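What follows is a set of notes on a single structure, which appears directly below.
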Amino acid sequence: MNGRKKGRELRRKLRATGRVDFELAAHVLDLRIEPWPFPSDEVHEAKVGRWIGVAEGRSEQERRWDVAHAIGHHVLHPGNQLWLRSQTLLAEPNERQAEDFAYGLLVDEAEALGEGLTEAWQLAEYFGVPEAMVRVQGRLL
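Numbered according to this note's numbering, the sequence shown spans residues 7 to 147.
Rendered as structure tokens:
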């Protein structure tokens, strides 16, 4: 299953340009986002049923990515999902697909090129996502 393609499909459905309103994306899918006081830095987000918990204290860019990642799990993988940074490998298909979905939902490379953006930091700033995620996911570095 192509996570990036599914993310782009939702982006098109929302008619989004620039920064995706990730709260609207969640609302369209009948998902509820709540800040949550997870007990450690190991947990950034969790999806349980129609609820997405996002660790308190995350930056806006990190929160945007975390929610998009959780939405990816909702769209691509039935059931509850929990991300433990030190214990969950991106090599696991579900995690790779959720990351691909987040990128497809939040970043539009064609739009970036149309705006003259070619560097990771430019895309990160324009789309409101962590630069590290653009570097990992993007082809424009």
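In this text, a Cβ means the ideal position worked out from N, Cα and C, and glycines have one as well. Note that the structure is predicted; figures quoted are calculated from it, not measured.
Report the three-state DSSP secondary structure of residue i (helix, strand or coil).
i: residue 59; result: strand
i: residue 113; result: coil
i: residue 125; result: coil
i: residue 93; result: Reliability fails at residue 93, whose pLDDT of 49 lies under 50, so the model's placement of it is uncertain and no value is given.
i: residue 79; result: helix
i: residue 24; result: coil
i: residue 64; result: coil
i: residue 168; result: Outside the shown range of the chain (7 to 147) lies residue 168, about which nothing can therefore be said.
i: residue 144; result: coil
i: residue 130; result: helix
What are the boundary residues of the beta strand (DSSP E) that residue i is part of?
i: residue 135; result: Counting along the chain, residue 135 falls outside any beta strand (DSSP E), and DSSP gives it neither H nor E.
i: residue 49; result: 49-54
i: residue 38; result: 38-42
Between residue i and residue j, what straight-line distance do the alpha-carbon atoms span, to the nearest angstrom?
i: residue 28; j: residue 139; result: 16 Å
i: residue 127; j: residue 137; result: 6 Å
i: residue 142; j: residue 102; result: 11 Å
i: residue 39; j: residue 33; result: 9 Å
i: residue 62; j: residue 84; result: 25 Å
i: residue 130; j: residue 66; result: 12 Å
i: residue 46; j: residue 125; result: 33 Å
Got a sec, what are the start and stop residues for the alpha helix (DSSP H) residue i sits in?
i: residue 18; result: 9-19
i: residue 30; result: 28-34
For my contact list, residue i and residue j are in at a C-beta cut-off of 8 Å; report their separation, rounded to the angstrom.
i: residue 82; j: residue 104; result: 7 Å
Taking 7 Å as the threshold (beta carbon to beta carbon), is residue i in contact with chain B?
i: residue 83; result: Annotation note: the requested chain B is absent from the structure, which comprises a single protein chain.
**Study point:** Validate contact between the region 73-82 and the region 51-65 using beta carbons, cut 8 Å, 3 pairs
**Key:** yes
Check your understanding: Does the pairing of the region 108-116 with the region 9-16 give three or more beta-carbon distances under 8 Å?
Key -> yes
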